[in-house]
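Residue numbers (my numbering): 30 to 133. C-beta: ideal position from N, C-alpha, C; glycine also. Let me begin by presenting the structure, written as structure tokens, before commenting on it.
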């Protein structure tokens, strides 16, 4: 079900249709509005140019976060593989200890 949500970004009011809840859409709009204000601060850019630069900055953040996320996934995968190898070594060591204790 789509919700109608009215937000304000860059001083303009927009009515959006969204699957997400009102709170989420308002949070997204507030984030974009804040980023837009950061880009506008101290500049004399036209709103369209500012919006493009803001979109570029947000896309840059997204791609950097995706790279960081992928790096963490890779690290987790490596750690899980190492953990599996260590569990196998531990199991083999326990069997060897058991065999040695049986020989006494």
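Endpoints, alpha helix (DSSP H) assigned at residue 124: Start and end: 76-132.
Going by beta carbon distance, what residues of the same chain come within less than 6 Å of residue 43, once the five residues before and after it are set aside? 36
Taking all protein chains shown into account, do 16 or more other C-beta atoms lie within 10 angstroms of the C-beta of residue 65, making it buried, or fewer, making it exposed? buried
Count the other CB atoms, across all protein chains shown, that sit within 10 Å of the CB of residue 54; report buried if there are 16 or more and exposed otherwise. buried
Apart from the five residues on each side of it in sequence, which residues of its chain come closer than 6 Å, Cβ to Cβ, to residue 32? 47
Looking at the structure shown, is residue 36 part of a helix, part of a strand, or coil, going by DSSP? strand
What is the C-beta distance between residue 38 and residue 61, in whole angstroms, given that I count them as a contact (C-beta under 8 Å)? Yes, they are in contact, since the Cβ atoms of residue 38 and residue 61 sit about 5 Å apart, within 8 Å.
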